[in-house]
Amino acid sequence: MDRYEIFNDPKEKPLDRLVPDGGYTAIFRTICCIGDSLSSGEFEAAHPDGSRSYHDMFEHSWGQYMARMCGSKVYNFSRGGMTAMEYCESFAENNGFWSPAYASDAYIIALGVNDLICLNQDTGTADDIDFCSWRNNRKSFAGYYGQIIQRLRLLQPRAKFFLMTFPKDEYNFDKIPGLEQRSLAHRKLLYELAQRFDNTYVLDLYSYAPPYDEEFHNRFYLLGHLSPAGYLLTAKMTASYIDYIIRHDMDSFKEVGFIGTGLHG
Numbered sequence: 428m429d430r431y432e433i434f435n436d437p438k439e440k441p442l443d444r445l446v447p448d449g450g451y452t453a454i455f456r457t458i459c460c461i462g463d464s465l466s467s468g469e470f471e472a473a474h475p476d477g478s479r480s481y482h483d484m485f486e487h488s489w490g491q492y493m494a495r496m497c498g499s500k501v502y503n504f505s506r507g508g509m510t511a512m513e514y515c516e517s518f519a520e521n522n523g524f525w526s527p528a529y530a531s532d533a534y535i536i537a538l539g540v541n542d543l544i545c546l547n548q549d550t551g552t553a554d555d556i557d558f559c560s561w562r563n564n565r566k567s568f569a570g571y572y573g574q575i576i577q578r579l580r581l582l583q584p585r586a587k588f589f590l591m592t593f594p595k596d597e598y599n600f601d602k603i604p605g606l607e608q609r610s611l612a613h614r615k616l617l618y619e620l621a622q623r624f625d626n627t628y629v630l631d632l633y634s635y636a637p638p639y640d641e642e643f644h645n646r647f648y649l650l651g652h653l654s655p656a657g658y659l660l661t662a663k664m665t666a667s668y669i670d671y672i673i674r675h676d677m678d679s680f681k682e683v684g685f686i687g688t689g690l691h692g
C-alpha cells in the first residue's frame, strides 16, 4: 500500500484525486446539506410551448449521492430558489429544521447564487455578524449566512462546518453580468467566516474544481441546471474535498465520534 493512501501527501491539492467511496467523509454519520436548487437535485424541463419547469428531485441531489457513497445519513435542508434570508426568516422554522432531532455531525452550506446573482443582495463581510448573538446580525447575506452557522452551533456545538464556494463558471461569465466578481466576493467572505468560526472549512470549488466551461456544461448540465451525472460529480468532488481536509488535519477530526456527547478523547 502506498503510504499516501493513509497519510497525507504534502504536495497534494484538493481534488487531485476523487475517492470512490467518499473516503474519510464517512466518519460523519449524519450530514446536513443546506442550499438551493443545486443542493436539491433540481432538473429543468423544456416544454413544447417553449416554457420550462423546475423540479427538485432529492434522490439525485449531490447530498443523496454522497449518502449512498459514504453510507451516512444525509439531510436535504434545501429547495430551489432558496436564499440565506428566506432560510433564516421562514424556511427553516416552518420545516422544523432548527429542531435538535436534526442535529448533525457535519453541515455543508451551499448558498449564495440566488442571494448574490439573482437578487443582487449586498454580500457583506464577517463584521456584519455579532458573534455573541445572531439576533443582532446585519441583514446582509453575510449576516444571514452567519446566523445559520450560529444557530446550528447551538444545536451541535462540536459539529464541523464546510462552506462551499461557487465553481469557476467560465461558460456564464460573459452571459451573466457580475457573475465573476460576485463569485470572488462570495469566496472571500467564506474564507473570512472560516477564520472567525471554529471547526469551519472552505470547499473552494472556484479554485480547485475544473472550470465550468462550455465543454463541462455540454457534459454535465441539463439546460440551466446540472444533469444526474453533474450532481454525481458534485457529490464526488464534495466528499473528496472533505476527505482531503480530514487527511491533512487528522488531529482536528479524532473526536468526531464524540460529537453530540460530553465525551472527549
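Numbered by this note's numbering, the letters in the sequence shown go through residues 428 to 692 in order. The C-beta atom is built at its ideal place from N, Cα and C for all residues, glycine as well. Source: prediction; values computed, not measured.
Exercise. Counting pairs of Cβ atoms below 8 angstroms between the segment 638 to 654 and the segment 592 to 599, do you hit three or more?
Worked result: yes
For this session: Can you grab the Cα-Cα spacing for the pair Y514 / G573, in whole Å?
Result: 12 angstroms
Exercise. Tell me, which residues are paired with T375 by DSSP?
Worked result: It is not possible to answer for residue 375, since the shown part of the chain is limited to 428 through 692.
For this session: Thinking Y633 and K440 are a contact (beta carbons under 8 angstroms), I'd like their distance in whole angstroms, please.
Result: Going by Cβ atoms, the distance from Y633 to K440 rounds to 14 angstroms, so no, they are not a contact pair.
Exercise. Quick one, which of D476, E471, G477, M493 has its alpha-carbon nearest D483's?
Worked result: E471
Exercise. Could you give the residue range of the beta strand (DSSP E) that holds K681?
Worked result: Counting along the chain, no beta strand (DSSP E) covers K681, and no H or E run does either.
Exercise. Quick one: what's H652 bridged to in DSSP?
Worked result: L649
Problem set entry | Supposed close pair F568, D542 - CB separation, criterion 8 angstroms | 5 angstroms
For this session: Note down the Cα distance separating T627 from S560, rounded to an integer number of angstroms.
Result: Rounded to the nearest angstrom, the two C-alpha atoms are 18 angstroms apart.
For this session: Using only alpha-carbon positions, find the residue among I575, A511, G570, D554 that is nearest to T545.
Result: Looking at the sequence shown, residue 545 is not Thr but Cys. Here the closest residue by C-alpha is A511.
Exercise. Any idea what DSSP makes of A473, helix, strand or coil?
Worked result: Strand.
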